[in-house]
Each structure stands twice: as C-alpha cells, then as structure tokens.
Amino acid sequence: MSNANGNGKNPANAKRKQVNISTYFNKKHILSEQVNKTENLTIPIPCTSQLSENDKNTACSIEKDILEPLTFIEDIGYYINSKSLNQNTRYRLVKKNWLPGSDFIYPFSTHVKKGKEVKRYLNQSHLMKFPWLVYSSLKSGLFCKFCVLFLVNNTGGLRNTEPLKKLVTVPLNTFAKLLGKDGDLESHQNNLYHKNAILQANEFLIRYEQPEREVLNLIDSERKRQIVENRERITPIIESIIFLARQNIPLRGHRDDGELLINSSSKTSVINEGNFRELLRFRIKSGDKILENHLNTTHAKATYISNTIQEELIECCKEEIIYKILTDIQCNKFYSILLDETTDVSHSSQMTLILRYIFDEKIKEDFVSFINCHTYFYNKQKSNQEEHINHSEECVENYESTIIEPKLTGEVLGKIVVNILKSLNLNLKHCVGIATDGCSIMTSTVRGAVKYIQSNATPNAVYSPCTNHCLNLSISKSSSVMEIRDSIGIIKETVKFFNMSAKRNHVLKIVFGKEKNLMSLCETRWIERHDSVLIFKNSLHYIIKSLNLITEWQDNDSSVKAYSLLNSLTTCQFIISLFILSDLLNLTSPASKLLQSVQKDLHFAEDCFKDIINIMENRRSTCYINFKTIFIESKQLMEKLDVEVKLPRITKHQIHRPNINTLTVEEYFRISVYNPLYDHVLADLKDRYLSKKNLTVYKLLLLIPSLVVAIKLHDMNNIADIVAKEYSFICIEKRQFSSELDLWITKWTRVKNEGGYLPSTVIDGLDCCPDILFPSIKTILLIIGCLPISIASAERSFSSLRRLKDWLRSRMSQDRLNGLALLYVHRDKEVLTDSVIERFSKVKKRNIEFIL
C-alpha cells in the first residue's frame, strides 16, 4: 500500500538559515497580518556543527526565541510534540483556514479489494465536515489540530494508558474508512481527550482575544488598582512634608498624635496640633478627597502621619537628593571637599561638608551633611569598645579618657571626614582639593585634619586655602597699626551703644530721616565687616549729631557714655584713620564679594590677587599723591564738625624720631598710619599668595586658552613635570601630555592669529576641549575647575543651620536636621514623589505590601 502526495511543498526542505526579524523587535505579540508583510531584513543563523558547546546553546536559544515566533510554517506536522510552542503561533494555527486552494491535488491511498487495487481519495467534503481536520504535507497525512496543539497527555483509552497515535502523533494516511459510525474521523471526534482539547482551545482563544476576562488578570488588575490607590493616599502626605521643609516651617507642634479628623459636625480644631497636621487638615477642607477618604477609612495606626513615618519620609527625601548629587559627580568623577565648623543653638559642634564639582558646564558647590563631631566620635568609640569588650584595662582607661575630655583634634576631624566620604561611596582617589579656613586644627602640617586626610585617604587632594579668608586676614593685619586698632575699637563701641537701646536707636533713625541702622563689625562675615566701616564713615555726621542730643538726656548712663564716645569720635586722629581704613576697604570690598561666588575659579582668584597687590603697591609708591587726597577729604569733614586739625600727643619714644617736631599733620599721619597700614597688609598678602603650594597649582592655569598662547618653553616643561609628579594617579604619560600640549598651543595660536575668541575661564576652556584630541588636558582643566577658592558655601550653610535649628527646635535629631537641611538648601533639585515612595517601600516590609 502506498501513499500519494499532493503538490504541497515540504517546509522541512525550506531554507532556515535566514530569518525575517523586522517585526520581532517592534512588538512581543506578532499579528498574522504583520508577519506576512515582513521582508528584506534578515539575520544569519550559524550552523551548530561548527560551534562550541556554549555557542550551540546560544544558537538554540536564538532558534527558540527568534525563529519560532517569526518563522511561521503553515504545516501542522511541524508542530507535533512541540512543548514550547509560542502563544502567537498557536493562535494563528487555531484561527488559520486549513482548506486547500482550488489548485490543490488531494492525495489518495490504494487498497486491495477483491483482488483489485482501489484508490480512496481525500476530498474537500471531509475537511469541511470536520473543521478540526488538517492535512500535513510535511507528514503526508491527516491530523487533529486541537489534539496536536492543546493535548496535555499523549495517552488515552478506557484506562487512559494507551498511547495516542492516529491523528495526534502519527498521521492518518489511509483514507478507506474515514466516514461512518466506526470510521476513523467519527471515532476520534467522540473521544474524551479530543473533547478536552477543544475545551482547552476555546479557553485559550478567550484568554488571548479578551485578556481582561482571564482570572489571573482580573486578580492582577485589582491588585494594580489597589496599589495605585494606596500610592495616591500617601502622595499628599509626602507633598506636605516636602512643602514644609522647602519653606523651613517646623512640622511638629505641641501634639503630634491622635486622630486627625474630628468627628464633630463643626469640623474645626481648637488646639493647634502643629504645622504638618494643620496643613493636612487644610488640604482636606480645600477639597482633597483622596486624603480625606484615606484618613476616614484607614485604621488609626495605619494613617502614615505619625512622627515615625515623618522621620522615614524625610530620610527618603534626603537619600534622593544625595543620590542626585552623587550621580552628577560621577559624570566628571573629580570633586573637592569644603569643611568648616561652628556651634549651633544646642551648643553642639557642627561641621559642614560641601562637595564642589563640575556638572552641565557649571561649577557647583552642594551641601551634603552636617556632622555632630562630638556625638559622631563618641558613638564610634563606643561601638569599637563594644566590639572589643575584652580588651586590656589600658584600652578601657583610654576610652574613658575620651569621654571625660572629648578633644576634637585634627586627626579626629580627619577620620570623621574620611568615614563620611566612604559612607557616600565616593572614590577617595578622585578628591582633588580640600578647602578650610585658616585655623590650626585644620591646617597644621603635623596633626591637622587636612594632613590626616591627605596622608590616609586622598593623597591627590591639594590644600586650597580660602582666598577670602586670606584676603581678609591680611586686612586684619591693619590692627598692628595702633591708630587703626583704636579706631576699630571706637566704631565697635559706638555701634553697640546704639544697637543695645531702642530709644537711642530711635534717635539715630530720626536724625537719619529714614529707617537705617548701623552694622556691627562681624568677625566671620567679611562683607559685613567691610560694609560696617564704610557705612560708619558715610554716616559719621549723623552719628555725632545723635550723640550730641543724647548727652542732654537725664539718663545718666546714656548721656555719660554718649559724651565719652563723642569725645573719641571728634578727634583728628580718629577721623583721618577712619578715612585711611575706608580707602583700603574700598579696594578689597568688591574683591571679597566676588571671591564668594561659586562660579569663580582659580584663574579669577589669581587675577584678583594680582590686581589687588599691584594697586596697593602703586598706592604705596605714590603715597604722597594718594594720601593727600584722603587728607583733604578728612579735613573738609573735620571743618564741618568743628574738629581741630592738629598733631596727636607725642609720646616719649617718638621724641627721638628725626624731624618729628617739624612734621606737618599730613606728613605725620602719612608716615605713622598710611604707610605702615599698606606695608603690613602687602607683606601678609604676598606671603599668603606667593606660597610654594599656590605657585605649583597656579602654573597649571597656563593651560587656559587665553594664557596658553603666550606660554614659554620653560613653562611647558614645568607644567609637564607638575602633571607627571602631582597627578600621577590619572596615568598621564609625560611624552603624551607634551604632544597634546603642543597641539593645544598650536590650535589657540591659530585662533588668535585668525582673530577668534580665546576662552579666559576653565569652564569656557572645557567647552572647547574635545576628549578625543586632548584627553589629558581636559582632565587637568577639570581638576583645576574643581579646586575651591573660598569656603563661602560652608558659611552659607551655617546661616541655614541657624534658621533650621533655632531654640524652639534645639532638640532636633541629627538625621532629621540633615534631611530638612537638604530639602531647604537644594530647592533647585526636584524631589519626585514617586521616587520617594519607591525608597519608602524598601524601609519596612509593611510599606512594600502597602504600595508595591
């Protein structure tokens, strides 16, 4: 008996080395219409016989994930016993119209009947009567498409133990007994496994065409709806905390517990329960139905408004802001740290940590944390003691001594800073600068904090002294001149005299004719120190007039003190000294303001110092001309105030000075006050500016395009040596750097000759420095841009600390303080509610169940 085949093509012989993938990457589910339209784009599939074992597994994975969903073979025989059939392919096989076309030649089988061979044909009526019947050209026989695609077990029969073959795993290719009660097709249609396969197919079609009706999807949809609702419930709580923190409004009040909504009909609260709870109540009254529904339908212990939840949410906001800062740092990887220390309202030592880096073509100085140094060090010591509880008595005594006298040495501060940087997962090798004020505990070359950080963690960091402190500490050398020192003391006493009494200050305002106060000489705010002297000089006439009025009061304390101050102010020595000091401060005040800017780099600081030194040297060399102008102005004021222009009392040690008795008033003050003042300030300024460390760093500034065009061969060699020695951690070869430097100089020399623009700052130079041509030079420019020139950002953070931690909130915890400070300071950094919820969900398991 033989089988006759039609003209259908055998898919097994088709080429499968190339697969159409144009729609594979567009959608996971591939519709039949889309797949039929794919053409042209193919990928090669390697021959597995030529591959290694790992590559064979990869090739099999490709065939499974790419070939099967894309190569749709229209023959049911190809999918016999296929256990990993793609759902899209299965759907297409079920929905396919399997009736052959009009040109199809139906097969036949031959049988011997009464000694003669008889042909029995398969015809279209068979396929139409039994819709599940499919002909396979590949297997040359008939199959039941439902049993092939959806049959779970390959066994059947009365005891469900007989293996299924005909129409399931083995093709039916004898067509003599297809119809009839005992025919092959009728018998198969009445089998239980066939009916179960049809039921499986119907359920599959429902799930595929209407996935929302599937039970699992119904459960999942309800879960998703609940998650969305829960996230909406907690969103107004997070938004309220962020709002209060941004506005620096205290969250907690006298009471911060209990039910928020009052069950009375008035819906009003007599007791002030704190800003946070009152803000939530205000939101509800303003129409926030989601929050109202949450508080009305939730258990009292699951409202998520307690002080514990507040702490967790503030901590999540803090982590989100720090994550953004650290992400920005990783873009250029180099950074510097700014350190400063102060005492807060609770008499705790607070050290601020600022990170300076370059991001998005801007220099940024971002506050990171306040560190309670004593508490932090004590907790570290305590934890170490608990870990080594069995140590010797000497170790215990040492530990107890630290509790009795907790000294904040430079080593202790250095350890704290290193631990904080490690906790932030910052690469210590990429810390290129450390900026502090000039106190010995920070800058000592033996046991200073900077020395410890450099030697134990960040050897590549360069100490960058605060240029603003350098400038103003140099000006403080003016106190070495006796007349200037006395004048500053008189100014402080006068300002204190008016500011300590409301009625004295009222008289001063009336004399001024407007609301104006004198500024005190702040020891830390250098700009206010400048402004206070300049304001005092311009207001001297009004001050003396006010003191004259106060001397006539019946209040003995005020009148006597006013008379004493009036005698001190109306002297030739004070007025001329005030004008000399004001002349110096008029020069340094603009520079002091500019040096506090975040965007200024080391090149600007260098130019600023050079200009100040040059101007002061010029004024000192032409003191005859410059002081004459100052003396004329002061003389005019003294004549207006009826102050006698005369020499001060000559002391005994001045008698032996040559020609002392023949000096005029102008010559005396020029020699005794003006010249010594400029000499002292100039000497100190040069000593601070022209230090060996600063000169080494300033040499690298020659890489800025506006300076590199005038560079000399000697400077080129020096720069190459400095880079090779000081910045060996960035792995720059000296020869490679020299080649880049030659190309860098050639480029900007050509631009200058063509009349082009030469960048004069580090940031502008970075914009014109491509990584491919100048990788080493760009790295050096990044390092220079990260070097701080001032710790003004640290001083500003102390102003925020003073506003955050006042005497009403003096018991605030350190974690809460840092979280609120980050939200208050970094108003430019957006804190997304969804991101906070994601972090909050990982704090505790109940949070995950609530919103994830």
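Each residue of the sequence shown is one higher than the one before, starting from 1 at the first, in the UniProt record's numbering. Every residue, glycine too, gets a C-beta built ideally from N, C-alpha and C.
Limits of the beta strand (DSSP E) - the one that T343 falls within
For T343, the uninterrupted beta strand (DSSP E) segment begins and ends at 335–343.
For E68, which residues in the same chain have their Cβ closer than 6 Å to its Cβ, ignoring the five residues on either side in sequence?
Low confidence applies to E68: its pLDDT is 41, below 50, so where it sits in the model is not reliable, and the reading given next is rough at best. For E68, where only same-chain residues beyond five positions count, the Cβ hits under 6 Å are N86.
To which residues does DSSP link V134 through a beta bridge?
DSSP lists F143 as the beta-bridge partner residues of V134.
Under three-state DSSP, which class holds H430?
Judged by DSSP in its simplified three-state form, H430 adopts helix.
Nearest-angstrom beta carbon gap, L682 and I613 [assumed within contact, 8 Å]
Their Cβ separation, rounded to whole angstroms, is 7 Å, which keeps I613 and L682 in contact under 8 Å.
Around the Cβ of C331, are there at least 16 other Cβ atoms within 10 angstroms (buried) or fewer (exposed)?
Here C331 is exposed. Its C-beta has fewer than 16 other C-beta atoms within 10 Å.
How many whole angstroms separate the CB atoms of L142 and P171, which I take to be in contact at a CB cut-off of 8 Å?
Distance from L142 to P171 at the Cβ level is roughly 6 Å; contact confirmed, criterion being Cβ atoms closer than 8 Å.
Return the residue from the list Y668, K712, F377 that minimises the CA-CA distance to Q350.
Closest by alpha carbon: F377.
Sheet register partners of R120 (DSSP bridge)
Beta-bridge partners of R120 (DSSP): S109.
Kindly indicate which three-state DSSP category V170 falls into: helix, strand or coil?
V170 falls in the strand class under three-state DSSP.
Pick helix, strand or coil for T352, following the three-state DSSP scheme.
Taken through DSSP and simplified to helix, strand or coil, T352 comes out as strand.
Note down the Cα distance separating T588 from L473, rounded to an integer number of angstroms.
Cα-Cα distance, rounded: 12 Å.
If I'm right that R281 touches D256 with Cβ under 8 Å, what's the distance once you round it to whole angstroms?
A Cβ-Cβ distance of about 13 Å is found for the pair R281 and D256, leaving them out of contact under the 8 Å criterion.
Whose CA, out of V723, I238, V708, lies closest to the CA of E312?
Among V723, I238, V708, the Cα nearest to that of E312 is on I238.
Alpha-carbon spacing of N97 relative to I80, whole angstroms:
For N97 and I80, the distance between alpha carbons rounds to 19 Å.
In the structure shown, what three-state DSSP assignment does E365 receive?
Collapsing the DSSP output to three states places E365 in a strand.
If you draw a straight line from the alpha carbon of D645 to that of F579, how long is it in whole angstroms?
The question names Asp, but residue 645 in the sequence shown is Val. So the two alpha carbons sit approximately 14 Å from each other.
For residue 877, which of L569, I416, K119 has the nearest alpha-carbon?
With the chain covering 1 to 852 only, the question about residue 877 has no answer from this structure.
DSSP state of V708, grouped into three classes?
Correct three-state label for V708: helix.
Can you give me the start and stop residues for the alpha helix (DSSP H) that M482 sits inside?
M482 -> alpha helix (DSSP H) spans 482–499.
Helix, strand or coil for F359, going by three-state DSSP, please let me know.
In the displayed model, F359 falls within a strand according to three-state DSSP.
So, using beta-carbon positions, are L741 and A710 closer together than 8 Å?
The beta carbons of L741 and A710 sit no closer together than 8 Å.
Tell me whether N425 sits in a helix, a strand or coil according to DSSP, three-state version.
DSSP places N425 in the coil class of the three-state scheme, outside both helix and strand.
Would you list the one or two residues that DSSP bridges to I371?
I371 has M351 as its beta-bridge partners, per DSSP.
Quick one: any contact between the stretch 597–616 and the stretch 780–795, if contact means 3 or more CB pairs under 8 Å?
In short, these stretches touch, since the Cβ pair count reaches three.
From the DSSP output, in three-state form, read off V831 for me.
Three-state result, V831: coil.
Three or more C-beta pairs under 8 Å: does that hold for the stretch 314–327 against the stretch 288–304?
At 8 Å Cβ cutoff, the stretches do not touch.
On the DSSP letters alone, give me the boundaries of the alpha helix (DSSP H) that Y542 sits inside.
Following the DSSP letters along the chain, one finds Y542 inside the alpha helix (DSSP H) bounded by residues 540–550.
Let's test the definition: count the other Cβ atoms within 10 Å of the Cβ of V836 and tell me whether it reaches 16, buried, or not, exposed.
Flag for V836 reads buried.
Could you check what DSSP says for Y678 in three-state terms: helix, strand or coil?
Helix at Y678.
Keeping to the same chain, check which residues put their C-beta closer than 7 Å to that of D437; ignore five residues upstream and five downstream.
Cβ neighbours of D437 beyond the five flanking positions: D340, C466, H469, I791.
What number of angstroms, rounded off, separates the C-alpha of H506 from the C-alpha of N372?
Straight through space, the alpha carbons of N372 and H506 are spaced by roughly 41 Å.
Where does P163 sit, in a helix, a strand or coil, going by DSSP?
In this structure, P163 counts as strand in the three-state DSSP scheme.
Please report the residue range of the alpha helix (DSSP H) in which I441 lies.
Looking at the DSSP string, the run of the alpha helix (DSSP H) that includes I441 is 440–443.
What are the start and end residues of the alpha helix (DSSP H) that includes Q310?
Following the DSSP letters along the chain, one finds Q310 inside the alpha helix (DSSP H) bounded by residues 307–332.
Rounded C-alpha distance that separates D328 from K285
A direct Cα-to-Cα measurement between D328 and K285 gives close to 41 Å.
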